[in-house]
Amino acid sequence: KLAGRSTHTVFVPEMMEDNKRRLLIANSIANAIKFSEFSIHYQGKVGADEKIVGYEALIRWKSDVLGLVSPAEFIPIAEQSGKILSITKWVIKRVCQELDQVQGLQKNEVMVSVNLSAHDIKNTALVDYIRKMFVRYNVNNASIEFEVTESAYLENFDVANLFLTQLREMGCSIALDDFGAGYSSLGYLTQIELNTLKIDKQFVDNLNVSKRSTLVTKTIIEMAKQLNLQICAEGVETREQAEFLIENGCHQLQGYLFSKPKSLLEMLNI
Ligand code: C2E
Ligand code: CA
Ligand code: CA
Ligand code: CA
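UniProt numbering puts the first residue of the sequence shown at 412, with every later residue one more than the last.
See the structure below:
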């Protein structure tokens, strides 16, 4: 019994700390929006000729209380605490505002991808919000792509499909993010209307590591091509990876090798 107690006292404080931080993060989100602690970074995507074809919008949070918090940490917490929709709306609005600013400065239209959470796409009112922001900030619908993961389809396929079909009918593109990571089901590929398949970083990481993983990646690219999808590989860090992917017909590459996420200001200062 005594031993049982002491093992408890070993584990509890850590769990408490963890829960405390999660709670603090969840409770800080509303103020983060209110006091403009969020910002957007843009990461370039390049085509086979290695010229920029678009950007992915990635949220950043510099909190007064917590310092820099990674989206990999706070997005899942926002999802679990029912606060993701407010973040998604903030991201959409900010991206539209910034695109409106840039359109005045740049001649070439840039393609921008926005991440949606699986929780967002249950809410059809969000489609109306997106439409409203596009009109308010003169955004060309065709210049926006939405990235969703397969988990978006897991809970309720019909609801997800309706939401994303509405976005496609507006002229936006849809990308399936993190393909091959987690609970992939090839079944979705036959049922959903997609424009782009984003091959998860883990496949890119494993290129040239083993013959088998290289073959799997090659097969995913081949399959996507047969399905007439654009293929984007994420997390490209080395020349060898880029060469392999381009040789095998990958249309878009994204990764630190080509471009790190940067603020709009940093991008315009190049
Ligand atoms: P993701 O959508 O898969 O985004 C790609 C992540 O990989 C980004 O991390 C990006 O900075 C990072 N990355 C890009 N190239 C490389 C590379 O060459 N090497 C390595 N090691 N990493 C690379 P980030 O910005 O920390 O975002 C993490 C995740 O948080 C995203 O993964 C996405 O799931 C989520 N997220 C970020 N912004 C948003 C947002 O606005 N809304 C939603 N719902 N989720 C977001
Ligand atoms: Ca993404
Ligand atoms: Ca991804
Ligand atoms: Ca990811």
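Glycine included, C-beta positions come from ideal geometry on N, C-alpha and C.
Next item on the list: Let me know if residue 683 comes out buried or exposed under the rule of 16 or more other beta-carbons within 10 Å of its beta-carbon.
Entry: Residue 683 is absent from the structure shown; the chain starts at 412 and stops at 681.
Note to self: Helix, strand or coil, according to DSSP, for Thr-649 in the structure here?
What the structure shows: If DSSP states are grouped into helix, strand and coil, Thr-649 belongs with coil.
Checklist line | Neighbour-count burial assignment, Tyr-667, 16 or more Cβ in a 10 Å radius | finding: Counting the other CB atoms within 10 Å of its CB gives Tyr-667 a total below 16, which places it among the exposed residues.
Item checked: Supposed contact pair Asn-619 and Phe-655 - C-beta distance, whole angstroms, cut 8 Å -> About 7 Å; that satisfies the 8 Å criterion.
Margin query: Among the candidates Arg-505, Gln-508, Gln-514 and Phe-568, whose CA atom is the shortest distance from the CA of Lys-533?
Written below: Of all alpha-carbon atoms in Arg-505, Gln-508, Gln-514 and Phe-568, the one lying nearest the alpha-carbon of Lys-533 is that of Phe-568.
Next item on the list: Using only the heavy atoms of ligand 5, determine whether one of them is closer than 6 Å to the beta carbon of Asp-589.
Entry: By its list of ligands, the structure shown excludes ligand 5, since it contains just ligand 1, ligand 2, ligand 3 and ligand 4.
Item checked: Sub-7 Å separation of Val-615 and Val-647 beta-carbons -> Val-647 is positioned such that its CB atom lies closer than 7 Å to that of Val-615.
Notebook entry, point to check: Under three-state DSSP, which class holds Gly-458?
Noted result: Here DSSP, grouped into helix, strand and coil, assigns Gly-458 to coil.
Notebook entry, point to check: Taking 6 Å as the cut-off, does the CB of Pro-487 come closer than this to any heavy atom belonging to ligand 1?
Noted result: Result no, Cβ not under 6 Å from ligand 1.
Notebook entry, point to check: Is the region 552-569 touching the region 518-532 in the sense that three or more CB pairs, one from each, lie closer than 8 Å?
Noted result: Contact holds: three or more Cβ-Cβ distances are below 8 Å.
Margin query: Buried or exposed for Leu-537, going by 16 or more other Cβ atoms inside 10 Å?
Written below: It counts as buried.
Note to self: So, for Val-480: in the same chain, excluding its five sequence neighbours on each side, which residues have a beta-carbon less than 7 Å away from its beta-carbon?
What the structure shows: So the list reads Ile-436, Trp-472 and Ser-474, once near-sequence residues are dropped.
Notebook entry, point to check: Residues in its own chain within less than 8 Å of Arg-542 by CB, not counting five upstream and five downstream?
Noted result: Setting aside the 5 residues that flank it on each side, Arg-542 is surrounded in the same chain by Met-581, each with a C-beta closer than 8 Å to its C-beta; the list follows chain order.
Checklist line | Continuous alpha helix (DSSP H) stretch holding Asn-572: start and end | finding: Counted as a single uninterrupted DSSP element, the alpha helix (DSSP H) harbouring Asn-572 occupies residues 568-580.
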